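Chains as they are written, first to last, in the numbering used here: chain U, 1 to 141; chain S, 142 to 282. Using N, Cα and C, we set each Cβ at its ideal position, and we do this for glycine too. Quantities reported herein were computed from a predicted structural model and do not represent experimental measurements. Structure first, commentary second.
Protein chains: 2
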Amino acid sequence: MDEALRARWLEHAHRTLSSSGRRAGAARTAIIQVLARDGQCLLTAQELLDRLGPRGSYSSVYRSLDELCSLGLLHRMSGRDGVARYEIADPDRHHHHLIDETSGTAHPFNDDELERVIAAVAVRLGVTLTGHDVVIRGRPS
Amino acid sequence: MDEALRARWLEHAHRTLSSSGRRAGAARTAIIQVLARDGQCLLTAQELLDRLGPRGSYSSVYRSLDELCSLGLLHRMSGRDGVARYEIADPDRHHHHLIDETSGTAHPFNDDELERVIAAVAVRLGVTLTGHDVVIRGRPS
DNA sequence: TTATATGCAAAAGCTTTGCATGGGT
DNA sequence: ACCCATGCAAAGCTTTTGCATATAA
Chain U
1 MDEALRARWL
11 EHAHRTLSSS
21 GRRAGAARTA
31 IIQVLARDGQ
41 CLLTAQELLD
51 RLGPRGSYSS
61 VYRSLDELCS
71 LGLLHRMSGR
81 DGVARYEIAD
91 PDRHHHHLID
101 ETSGTAHPFN
111 DDELERVIAA
121 VAVRLGVTLT
131 GHDVVIRGRP
141 S
Chain S
142 MDEALRARWL
152 EHAHRTLSSS
162 GRRAGAARTA
172 IIQVLARDGQ
182 CLLTAQELLD
192 RLGPRGSYSS
202 VYRSLDELCS
212 LGLLHRMSGR
222 DGVARYEIAD
232 PDRHHHHLID
242 ETSGTAHPFN
252 DDELERVIAA
262 VAVRLGVTLT
272 GHDVVIRGRP
282 S
């Protein structure tokens, strides 16, 4: 959807990686390209590997995903099935997930009041917020 | 903590299981006892098995956990590490989780306004709510 | 008696890792 | 030249399953 967002993340990822002393190999370069294109919402390692074709392997995929998570460029979450899913971390455009229980599909959404309440809850609980996830499950009404 | 709650859930579980045509074997009986005692918040299958000692096996544990989830007596969620965690489902006393990033420990909490906002979001998105989870991560401030 | 519950051990699926090789800087 | 990145294959972990046996109803 947002082309500018993708380009910005791709650029940011390249810079962060190289300034952290890592080298740009062919596999990792392809991986972050695919992530920039298809990683807006809940991509599995297997799906990523499928889209890479012969340009990647299990080791390069999992190692790169770990690396990107450590650097804060990616978010990892595991769905109910226990399979890890990844999506690109965009500080400006953060979203949550609605799971349609009829179809099993996930839809991203965001809500300002939800963000506000979560911030308030963190204050009430006496913590500095470092992250949060909300999953809503429902059926079309 | 709430002794009455535990007894109520245990009773409810027994009734639901037998009325669904299942038989009460030794393993399953021990499993729901342990769950009633220690399953208020995020117990893994392995932890459950450890507490069962020789009274259970992997198969009985995983099969019973599945069964209890299907009957709505238990909630399954998977943490960031991908390992499934279970807690008893209490319709009256539902909670969310605060993860202290300093220690990695989870603390249950609830918040009425959060519930209200989530209900409002579901309406806005055009779904009938069937469930929801909130995870807040932070450090003591 | 008869279907279900259980335990063992094997299998399955996702993820990680050791090691030799290739490639970036 | 040096060290990091990559790919393969093996190993590791969690979870599931087939099958023979034990047991509840």
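Cβ neighbour criterion (16 or more within 10 Å) applied to residue i
i	result
U/GLN40	buried
S/GLU228	buried
S/ARG169	buried
S/ALA230	buried
U/ALA30	buried
S/ARG147	buried
Where the alpha helix (DSSP H) containing residue i begins and where it ends
i	result
S/LEU214	First-last for S/LEU214: undefined, no H or E at that position.
U/ALA147	No answer is possible for residue 147 of chain U: the residues shown for chain U start at 1 and end at 141.
U/GLN40	No alpha helix (DSSP H) holds U/GLN40; DSSP gives it neither H nor E.
U/THR16	3-19
U/ALA45	45-52
Those residues which DSSP pairs with residue i across a bridge
i	result
S/HIS238	S/PRO249 and S/VAL276
U/VAL117	Per DSSP, none; premise fails for U/VAL117.
U/PRO91	Answer is none; U/PRO91 lacks a bridge partner.
S/THR170	Per DSSP, none; premise fails for S/THR170.
U/THR128	S/ARG280
Beta-carbon gap between residue i and residue j smaller than 9 Å
i	j	result
U/ARG55	U/ALA13	no
U/GLY138	S/GLY272	yes
U/HIS75	U/VAL134	no
U/LEU129	S/VAL258	no
U/GLY79	S/SER219	yes
U/SER57	U/LEU49	yes
For this session: Check whether the region 120-131 of chain U touches the region 94-110 of chain U, taking contact to mean three or more Cβ pairs, one atom from each stretch, closer than 8 Å.
Result: For the pair of segments examined, the region 120-131 of chain U was found not to touch the region 94-110 of chain U: the number of CB pairs separated by less than 8 Å stays below three.
Exercise. How about the region 18-38 of chain U and the region 59-76 of chain U: do they share at least three Cβ pairs that are nearer than 8 Å?
Worked result: Taking a cut-off of 8 Å for Cβ pairs, the region 18-38 of chain U and the region 59-76 of chain U touch, as three or more such pairs fall below it.
For this session: Report yes or no: do the region 87-103 of chain U and the region 221-232 of chain S share at least 3 C-beta pairs separated by less than 8 Å?
Result: Contact between the region 87-103 of chain U and the region 221-232 of chain S is absent, with fewer than three C-beta pairs closer than 8 Å.
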